[in-house]
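Remarks on the structure that follows.
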């Protein structure tokens, strides 16, 4: 029985495994200097149309986040995040453990805005306070929402005006780029941010994220920093091979498209049964609001997670789909509503 | 053409891949709470005969080292290491980046002794100096040597007498336990140290190390610390499955035995051709001393690494074997000597 | 012309200088092991009636705060603070620079409550989030308010129930203990918290804070931690002598009493002229709310600071008094109102 | 009875106290923005003839060292020091606590040389090792020796060639500049290094060091970093006033000259009695080598410290003089030898 708990419950997409099996007994250079990693880097540079981008493969998302913040900020500088941001809530203080404060503002549907960013800059005025130097956003966000092109452009402008670096956490960038509401291309993303990552773990890989350092001034010595933060596996080719597979023939976006389609069907089922949503469904995370009792049964039977208590009677739960979500899981959810409600 | 550069050039042993393939579409709990990780933990506890040991799967060795040091020391405490220790030389200051000094002494064939440890304790006498609190050793060492039972017992005693924790880096513990010179069992290792790890990356896994916290007082809250140091992958089952395979039917030690046998053949070839060694060969790293010119050709043709300049005319090089080293590679080396010398 | 900017604009109280002058050419032990520091420690232990308390003299308040947090928490643990807390706002991320997150809640008049503390505990439920382990409060607070005995007892109980350490920042503890609203004795404070400090800088000393570690389990090795954080001056006797003077004949509280009396007169002047306050005046910080135009003149003529914009027309400013505030300064303020309003 | 334990046993020179007393009831700006600090900064800039130098007053030497290293290095970079360097031995890992490794080489009489520096650079070749980026020297050194102009020039050249910053710890720079062997001017020092400090604690002040950032690229945002490391006292004027006094009318160097003269007399006494030295005496630290029994009596009667066991029969002890050492103390030492030997 497949459930809707998250997008990292299964192994890797078969095409990812295939390349790993084929190459298993090859001898490869260590530490990401192998030919598969090089090919994957090249495929990514071409996809984002940025020949001078620096691309590194990092085992996980928290590691990527702490690396970016600690490598590009000086000790007295902070990163601005929505209060719902992954780095603020769900990384056990990994950012602070590298010495940096995360300054938060209450986000709008999980998103930052120029006004919110400006308010942090405006309230940090002298050397008795940390100095804002980086903006952290995720796309799609922790609440399944996405940034439009004009929103991202406005944030970019705010960053430029205030000397802030812009970092986009792309753990779920595939589902953002293939969202029905999206109007951003990957090339545009790469040009509007200073650094971002293309998430592998949640979109078909066993593990691994492709960090892209767009701004050339930030590229120097990055491999030293990776090594120091234990983000440079001896068998780096294990990550490289997976991105080689994901970047070939559009596999990456096609997996995300599938996840979004499945999520759309989940949303339809709730909509058809008269339920609303915490945020407008548009990527692979759907947040229906349902009565307490129904929530309990959904959690038990479909492995969705409790998200928030909305009022005395209603609860928001989180349904997540992935490349591995099957039509039969959707059918089971539909049957549940037909039978039980 | 297979070379002798290191023991992490290939992917995973076929039996490790097998379990990953079989379980690929299963849905598993995230973050190491899955059934494969649980089974692997149980197999390890049984193997080391320590039912209360805490076992965690960590993506890499540097990460395991920095986690151990930073989790178990207070801020003013240091770790003692041989100057050749991996944490001192080859981790880009990963330990210091967590705030702790590595205090070194010149090791004997890569090993620490009670005298060396005592000398550090004796020279750190008050609050103006860091406080020694942990001893770091590796087995087998960076120079391919191993600790005998009585050596490890003596170090243990020195640690107890001085209130020091004993940590054993087991990146290559398989080759130590299966060395022709070894007289230690894994159960004894687990009883003589406070914490150690069983290396996967260099003995058949794609990546992953099994950290074993023997001392119960150290076990509390360790998962928080893993998460903070980015050592808790979302798909933790990827690590768990691999150790499940390695721990079944003695696979782990049989792979190490193979590596040692191949290394022994490498050593024989050098010995037969009249060359000596930097340290007595007994595990999967062999350090022959050869004339400068020969060293160059070996490096070029067999991918071995330069280790040290011995004198004006001679060089020490490092040959490493692994579970994946084939007899044909050995034959090629033998032919080389027959044809060229 | 004396102004009301803060309580650290002047040097030291004459009695503090006296002991420094008398002892200037004495030779004293370094690093706080001198007889003056020892006497001051003894005087403090007697005052708080806690013979086993550990007392250390630290150059400054930010340093004391960062020392306490980084010494007593493990890496994954956080400190809970009101959003107005000094460690959150005005220390340039000094706490985070030691690796720890400050988790904040909107305080009530600068104070924490059991409910606020419990809400943080309740929302930090697993290893993906930092672990609450310490509560930071200040008395008097950044908004001039104080904790009553029953409030502090309730917080203590909440801490005990949740395994939290309780740390009281006493930069202005003198003005709290001598507040007209206070019902706490210093002995009670020492028994209700685990660690606190008696501020010297803002109450008669040139510099220096007396950190009191009440909980014996926290006392071990503290001098190592002081040295590491550069909080152990070579001439520690400079701090010890000052506290020796402050602790003699009730000087410490008499200086705070004076500051409070002067503040009370400041408050009276505003009250008499029809203005209200941001928080009820009871210590040496007074926060009158005045029209924008008046605020500008007060800031210019009396050096008070802008605190907050209350509405379109009104501003809150901060007036601070100290041991050095003279009646003539009060008279000048009174004249200002008589002449200008 | 005055002893020879160290140069920080007494309070401040009377002229330093004088300015503090005169200004005690003045109201001054906080955090080092006062007029005394500004005057002291200006006097220092003129003395070193470097109008664009950034000057900051820091409470202590360890704090200054950790600030310099942590502010100017990126996380993966290390500082090179002689093994006897204060940052390596006597700061309880304060540097490592900010995340940076101290890489050491065995110094020559406490000094670094171009060859020693080059050897560290030469052995740190890739991203698996920390990256050398700063050289730490002290003048005078921990062994009382000094750098000549040509030695400092050669080190400077080595730094430039290898992209290394040069930092000079001047805790005892006064005694270096007034040494009978010195050929360096303060202006030359300022031009040959990137950053250095002028020690106050060991040369007439109660506490305080004047950090001089010569290299303009390093100056940005330094006050943020000071505040974060708790190195910006609220009453910064306490430090500023002291340096104002020390920098007036050549007081700083005249105090050091006195210390050196007293040390020279100490050395003469030992020389006349037939004893040699660990290093050639030339500043305020003298290291005579004496028989074990004599060492014990000197330590007991004159408070000198044990430095090193030279051989079975002889010990090196350390005698330190200061601005406060009186002729009568010298006389007492001379009498001791006349009476007892």
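Chains as they are written, first to last, in our numbering: chain A, 1 to 341; chain B, 342 to 682; chain C, 683 to 1023; chain D, 1024 to 1364. Note that beta-carbon positions come from the ideal geometry of N, C-alpha and C, so glycine has one too. Keep in mind the model is a prediction, meaning the values are calculated, not measured.
Item to check | Test: residue 56 (chain A) CB closer than 7 Å to a CB of chain D | outcome: no
Next on the checklist: Using the Cβ count rule (16 or more neighbours within 10 Å means buried), how would you classify residue 180 (chain A)?
Outcome noted: exposed
Checklist entry - Cα-Cα, which of A:340, A:338 and A:321 is closest to residue 368 (chain B)? => result A:321
Next on the checklist: Using 8 Å for Cβ pairs, my map puts residue 199 (chain A) next to residue 172 (chain A). What's the rounded Cβ distance?
Outcome noted: 6 Å
Next on the checklist: At a cut-off of 6 Å, would you count residue 1074 (chain D) as near the ligand HEM, judging by its Cβ distance to the nearest heavy atom?
Outcome noted: With respect to small molecules bound, the structure shown includes none, and the ligand HEM cannot be examined in it.
Item to check | CB contact check: residue 1099 (chain D) to chain B, cutoff 7 Å | outcome: yes
Item to check | Contacting residues, own chain, Cβ-Cβ under 7 Å from residue 942 (chain C) (five flanking each side not counted) | outcome: 857, 860, 861, 965 and 966
Checklist entry - Cα separation between residue 208 (chain A) and residue 61 (chain A)? => result 8 Å
Next on the checklist: Quick check on the burial criterion: 16 or more other C-beta atoms within 10 angstroms. Buried or exposed for residue 41 (chain A)?
Outcome noted: buried
Next on the checklist: With a threshold of 7 Å between beta-carbons, can residue 235 (chain A) be considered close to chain B, or not?
Outcome noted: yes
Checklist entry - What residues match up with residue 1360 (chain D) in a beta bridge as DSSP calls it? => result In the DSSP output, where bridge partners are listed per residue, residue 1360 (chain D) has none listed.
Next on the checklist: Please list, in chain order, the chain A residues whose beta carbon lies closer than 9 Å to that of residue 668 (chain B).
Outcome noted: Per Cβ cutoff of 9 Å: no residues; residue 668 (chain B) is ~14 Å from chain A at best.
Item to check | Inter-residue CB distance, residue 850 (chain C) and residue 871 (chain C) (contact presumed, cutoff 8 Å) | outcome: 7 Å
Checklist entry - So, residue 426 (chain B) versus residue 477 (chain B), is the Cβ gap smaller than 7 Å? => result yes
Checklist entry - Is it the case that the Cβ atoms of residue 578 (chain B) and residue 395 (chain B) are separated by a distance below 7 Å? => result no
Item to check | Pairwise C-alpha distance: residue 80 (chain A) and residue 793 (chain C) | outcome: 26 Å
Next on the checklist: Under 7 Å, Cβ to Cβ, is there at least one residue of chain C near residue 356 (chain B)?
Outcome noted: no
Next on the checklist: At a CB distance below 7 Å, what residues from the stretch 113-136 of chain A approach chain E? Give them in sequence order.
Outcome noted: Among the protein chains in the structure shown, which are A, B, C and D, there is no chain E.
Checklist entry - Are the stretch 229-247 of chain A and the stretch 11-25 of chain A in contact at 8 Å, needing three or more beta carbon pairs? => result yes
Item to check | Close Cβ partners of residue 23 (chain A) (< 8 Å) along its chain, the five nearest in sequence each way excluded | outcome: 36, 237 and 241
Checklist entry - Does residue 224 (chain A) get closer than 7 Å to chain D when you measure Cβ to Cβ? => result yes
Item to check | Spatial distance of residue 250 (chain A) from residue 231 (chain A) (CA atoms) | outcome: 27 Å
Next on the checklist: Is residue 930 (chain C) close to chain B? Criterion is C-beta to C-beta, closer than 7 Å.
Outcome noted: no
Next on the checklist: At the 7 Å Cβ level, is residue 394 (chain B) part of the contact set with chain D, yes or no?
Outcome noted: no
Checklist entry - Of all Cβ atoms in chain B, is any one closer than 7 Å to the Cβ of residue 141 (chain A)? => result no
Item to check | Integer Cβ distance of residue 897 (chain C) from residue 876 (chain C), believed to fall under 8 Å | outcome: 4 Å
Checklist entry - Taking Cβ-Cβ distances below 7 Å as the criterion, which residues of the stretch 427-447 of chain B are in contact with chain D? => result 430, 431, 433, 434, 437, 438, 440, 441 and 442
Item to check | Proximal residues to residue 740 (chain C) (C-beta, below 6 Å), its chain only, five neighbours per side dropped | outcome: 746, 891, 893 and 913
Next on the checklist: Taking CB distances under 7 Å as the criterion, tell me whether residue 206 (chain A) reaches chain B.
Outcome noted: yes
Checklist entry - To the nearest whole angstrom, what separates the beta carbons of residue 576 (chain B) and residue 92 (chain A), a pair I think is in contact under 8 Å? => result Their Cβ separation, rounded to whole angstroms, is 18 Å, which puts residue 576 (chain B) and residue 92 (chain A) out of contact at 8 Å.
Item to check | Status (buried if at least 16 other CB within 10 Å, exposed otherwise) for residue 106 (chain A) | outcome: exposed
Checklist entry - What first and last residue would you give for the beta strand (DSSP E) that runs through residue 879 (chain C)? => result 877-881
Item to check | Under 7 Å by beta carbon: chain A residues contacting residue 1250 (chain D) | outcome: 127 and 128
Checklist entry - Going along the stretch 1198-1224 of chain D in order, which residues come within less than 8 Å of chain A, judged by CB to CB distance? => result none
Item to check | Local Cβ density within 10 Å of residue 808 (chain C), reported as buried at 16 or more and exposed below that | outcome: exposed
Checklist entry - Using the C-alpha atoms, what's the distance from residue 1013 (chain C) back to residue 1020 (chain C)? => result 10 Å
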